[in-house]
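Residue numbering for the sequence shown is 74 to 431, as defined by the numbering used here.
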Amino acid sequence: MDTRRNLILDAAIASGMGIAMFMELIRSPDIGFESIVLTALMAGTLAFRRRFPLSAHTLNSVALVLQVLFFFVGGIYTYSNLISTFSVGTYATRNRSIAGLAASMLAVAAYFLSTDVGIGATPAVVAFLWTIAWGSGYSATRRRELLEETKAREAAEAVVEERSRIARELHDLIGHTVNVMLVQAGAARRLVDSDPDRAKSGLVSLEEVGRSALGELDRMLGILRTETAGHQPQPSLAQLPILVDRFEKSGLHVSYEVTGSRPPGNVQPVELSAYRIVQEALTNTLKHANAGQARVRIEYALGGIDIEVVDDGEGVSNLTPGRGLLGIGERASVFGGHFEHGPVPGGGFRVHAFLATT
Numbered sequence: 074m075d076t077r078r079n080l081i082l083d084a085a086i087a088s089g090m091g092i093a094m095f096m097e098l099i100r101s102p103d104i105g106f107e108s109i110v111l112t113a114l115m116a117g118t119l120a121f122r123r124r125f126p127l128s129a130h131t132l133n134s135v136a137l138v139l140q141v142l143f144f145f146v147g148g149i150y151t152y153s154n155l156i157s158t159f160s161v162g163t164y165a166t167r168n169r170s171i172a173g174l175a176a177s178m179l180a181v182a183a184y185f186l187s188t189d190v191g192i193g194a195t196p197a198v199v200a201f202l203w204t205i206a207w208g209s210g211y212s213a214t215r216r217r218e219l220l221e222e223t224k225a226r227e228a229a230e231a232v233v234e235e236r237s238r239i240a241r242e243l244h245d246l247i248g249h250t251v252n253v254m255l256v257q258a259g260a261a262r263r264l265v266d267s268d269p270d271r272a273k274s275g276l277v278s279l280e281e282v283g284r285s286a287l288g289e290l291d292r293m294l295g296i297l298r299t300e301t302a303g304h305q306p307q308p309s310l311a312q313l314p315i316l317v318d319r320f321e322k323s324g325l326h327v328s329y330e331v332t333g334s335r336p337p338g339n340v341q342p343v344e345l346s347a348y349r350i351v352q353e354a355l356t357n358t359l360k361h362a363n364a365g366q367a368r369v370r371i372e373y374a375l376g377g378i379d380i381e382v383v384d385d386g387e388g389v390s391n392l393t394p395g396r397g398l399l400g401i402g403e404r405a406s407v408f409g410g411h412f413e414h415g416p417v418p419g420g421g422f423r424v425h426a427f428l429a430t431t
């Protein structure tokens, strides 16, 4: 629709300027065929000022130079070139726009050389006005290009950030689930001969973990498939008892405490990250710490959520952070918080993070 409207507008400008120039031309006592052709050419180039800005402007300027130097000097012809100068500044690329300005200056110089007007204020003023016309179009286009580049860069950064977020979510979900299932499967394997009932109970729990993870994975992939799927509920601190129960069934005794008042407003994204941090910390405990129990403390503090997970396992002093701990640090950074981890005096390991909600 915009393209059609632009074509109609350009055709109207070309027709209007053509009529005005021909009306000025017919006042001349000796109208030559060359003048008619050059007048039609100057008017016709305005119809293509958007699609072929430099080519149209160059033809317009050359036609003006030939007209005023050899055939006919008219005042209205200059306005055709002024419109063309503005157009080449607006619609041409940077280098082509500069080349178009040079063509305009040559046309202005040729116009004054063909008349009795000497070099003085009038040529300088006209050249200045032509430069202003070109500059207004050039600067507006460059600002628009800069804005589009900024939007494109921000969109690309948003894509990268979203990919990182999805990668963290998938790592936390799959890493946690696989580790819990491996622990439960190993326990069931060891008990299958000596205590079949407990082994069966472990297998049932393993199945529940798998189904829950499959449903959560399906919700997460649904976010990628459709926009509306993003409105499906995501894990939050309200699901903390379910998470704790899952680890309990895997052999890790977990106690937890939630204090403070949930702040008003939409804090679901922060709570999702808090949930994932607890999930990742407990998964690391189950997988690496050889711990018997862990304690989770969640506090809705002033301006954020304070998270602490402490276990009684084998704390490591020279631990090299893996993907899980790095992911926790990234989550804390995203929400303007901080993250620390390390061994506890007397044994155990502590993970502490703060996520800002304001």
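Heads up, the beta-carbon is just placed ideally off N, CA and C, and yes, glycines get one too.
Report yes if the CB atom of residue i is closer than 8 Å to the CB atom of residue j, and no otherwise.
i	j	result
A136	L111	yes
S170	S134	no
F468	G377	The question about residue 468 has no answer here: the residues shown for the chain are numbered 74 through 431.
V142	A182	A small fix is needed here, since residue 142 is Leu in this sequence, not Val. It is not a contact, given that the beta carbons lie outside the stated cut-off.
F408	A374	no
Q312	Q341	no
A93	I149	yes
E344	G397	no
Looking at the structure shown, is residue i part of a helix, part of a strand, or coil, going by DSSP?
i	result
A435	The chain is shown from 74 up to 431; residue 435 falls before or after that span and cannot be answered.
R368	strand
I205	helix
S309	coil
I104	coil
V383	strand
I99	coil
T118	helix
R124	coil
P342	helix
T430	coil
G409	coil
G454	Any question about residue 454 goes unanswered here, given that the chain covers just 74 to 431.
G419	coil
S328	strand
V135	helix
V424	strand
G376	coil
Identify, in the order they occur along the chain, each residue of the same chain with its Cβ nearer than 6 Å to the Cβ of residue i, setting aside the five sequence neighbours on each side.
i	result
S328	R368
M115	N133, A136 and S153
E372	T332, G333 and D379
E413	H425
Y211	G162 and S170
P126	S160, V161, Y164 and A165
E330	R370
E381	R370 and H425
Looking only at its own chain, which residues have a Cβ that is under 7 Å from the Cβ of residue i, when we skip the five neighbours before and after it?
i	result
A364	L325, T358, D384, D385 and G386
R215	none
A87	A116, G117, L119 and A120
S101	F145
T223	none
Could you check if residue i is buried or exposed, using at least 16 other CB atoms within 10 Å of its CB as the buried criterion?
i	result
V138	buried
L186	exposed
T195	exposed
T131	buried
A405	buried
I315	exposed
Grab me the residues of residue i's own chain with a C-beta within less than 8 Å of its C-beta, minus the 5 sequence neighbours each way, in chain order.
i	result
F320	V253, V327, L355, L359 and A367
R482	The structure shown does not extend to residue 482, since the chain is modelled only from 74 to 431, so the question has no answer here.
G420	D385, G386, E387 and G388
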